[in-house]
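**Q**
Numbering (the working numbering), first residue to last: 290 to 474.
1) So, residue 430 versus residue 385, is the Cβ gap smaller than 8 Å?
2) Quick check on residue 369: does DSSP put it in helix, strand or coil?
3) Could you tell me whether the segment 400-407 touches the segment 354-364, where touching means 3 or more Cβ pairs closer than 8 Å?
4) Could you work out which residue in 458, 433 and 343 is closest to residue 413 when comparing CA atoms only?
5) Roughly how many angstroms separate the alpha carbons of residue 377 and residue 365, rounded to a whole number?
6) Return the CA-CA distance between residue 415 and residue 353, expressed in angstroms with no decimal places.
7) So what does residue 455 bridge to, in DSSP terms?
8) Can you check which of these residues, 327, 388, 350 and 422, is closest to residue 401 by C-alpha distance?
9) Alpha carbon to alpha carbon, what distance is there between residue 351 and residue 333?
10) How would you label residue 284, buried or exposed, when you count the other beta carbons within 10 angstroms and need 16 or more for buried?
11) Say yes only if the C-beta of residue 442 is nearer than 7 Å to one or more non-hydrogen atoms of the ligand MN, and no if none qualify.
12) Taking only three categories from DSSP, how would you classify residue 378?
13) Confirm, please, whether the CB-CB distance from residue 450 to residue 337 is below 8 Å.
14) Taking 8 Å as the threshold (C-beta atoms), are residue 380 and residue 448 in contact?
15) Taking Cβ positions, are residue 389 and residue 457 nearer each other than 8 Å?
16) Give the range of the alpha helix (DSSP H) segment to which residue 435 is assigned.
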């Protein structure tokens with residue numbers, strides 16, 4: 290009987306929510322036996338829905354939408370950068386939106402197979418790019434390819450939102466931590 294009470298107490302403790310919420314949330318993608326995980330800023334339900342709806346940003350902001358959803362991309366990490374600063378560590382089948390001040394910004398995804406993309410964004414403008422992994426033996430890394438919003442919509446709907454990131458003020462000084470590397474669990 291004492292063992293049953295002790296086991297029940299341990300199970301209850303495992304199921305208890307933490308007292309405080311982290312500013313980072315884990316997101317994982319599984320393809321067969323390979324599981325790839327990353328951390329990303331926590332988002333409100335309204336932020337997630339704004340990304341899924343592909344809503345334009347408020348006046349005075351431009352929005353870049355980067356979707357990582359391609360048949361040749363089933364595992365691994367790729368770090369998305371804006372103007373040389375790390376935004377988020379992406380995994381397959383994820384989407385990130387970032388609000389910026391209007392103007393020209395440099396988008397890059399590492400490991401890169403091409404030079405950074407010069408992204409011109411105007412006030413209340415939404416533009417989309419697709420992160421595509423090189424599929425040939427000489428094509429290593431990722432490229433960011435512009436994609437029409439109508440073509441981006443079904444890709445975005447299939448993916449998990451990693452974040453709606455506000456970069457209209459100064460960027461943070463450190464990169465987001467990686468939670469887990471690829472494993473076969």
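Think of the CB as a built atom: it goes at the ideal place given N, C-alpha and C, for glycine as much as any other residue.
**A** By the coordinates alone:
1) Within the chain shown, numbered from 1, the residue matching residue 430 stands at position 141. Within the chain shown, numbered from 1, the residue matching residue 385 stands at position 96. Cβ atoms of residue 430 and residue 385: not closer than 8 Å.
2) Here residue 369 is taken as the residue at index 80 of the chain shown, counted from 1. Residue state, collapsed to three classes: strand.
3) Not touching, per the Cβ criterion.
4) Here residue 413 refers to the residue found at position 124 when the chain shown is read from its first residue. Checking every option, the nearest Cα to that of residue 413 belongs to 343.
5) By 1-based counting over the chain shown, the position of residue 377 is 88. By 1-based counting over the chain shown, the position of residue 365 is 76. C-alpha of residue 377 to C-alpha of residue 365: approximately 14 Å in a straight line.
6) Numbered from its first residue, the chain shown carries residue 415 at position 126. Numbered from its first residue, the chain shown carries residue 353 at position 64. Straight-line spacing of the CA atoms in residue 415 and residue 353 works out to 6 Å.
7) Here residue 455 corresponds to residue number 166 of the chain shown, with the count starting at 1. Bridge partners of residue 455: 388.
8) Walking along the chain shown from the start, residue 401 turns up at place 112. If we check each option's Cα against that of residue 401, 422 comes out closest.
9) Numbered from 1 along the chain shown, position 44 holds the residue referred to as residue 333. Numbered from 1 along the chain shown, position 62 holds the residue referred to as residue 351. So the alpha carbons of these two residues sit roughly 20 Å apart.
10) Here the chain has residues from 290 to 474 only, and residue 284 is not among them.
11) For the structure depicted, the ligand MN is absent and the ligand set is empty, with no information on it obtainable.
12) Numbered from 1 along the chain shown, position 89 holds the residue referred to as residue 378. The answer is strand: DSSP assigns residue 378 an E or B state.
13) Numbered from its first residue, the chain shown carries residue 337 at position 48. Numbered from its first residue, the chain shown carries residue 450 at position 161. For residue 337 and residue 450, yes; Cβs fall inside 8 Å.
14) Position 159 of the chain shown, counted from the start, is the residue given in the question as residue 448. Position 91 of the chain shown, counted from the start, is the residue given in the question as residue 380. By the CB criterion at 8 Å, residue 448 and residue 380 fall outside the cutoff.
15) Within the chain shown, residue 389 is the residue found at index 100, counting from 1. Within the chain shown, residue 457 is the residue found at index 168, counting from 1. Result yes, Cβ atoms of residue 389 and residue 457 sit closer than 8 Å.
16) Locating residue 435 in the chain shown gives position 146, where the first residue counts as 1. Going by DSSP, residue 435 is part of no alpha helix (DSSP H) but of the beta strand (DSSP E) stretching over 431-436.
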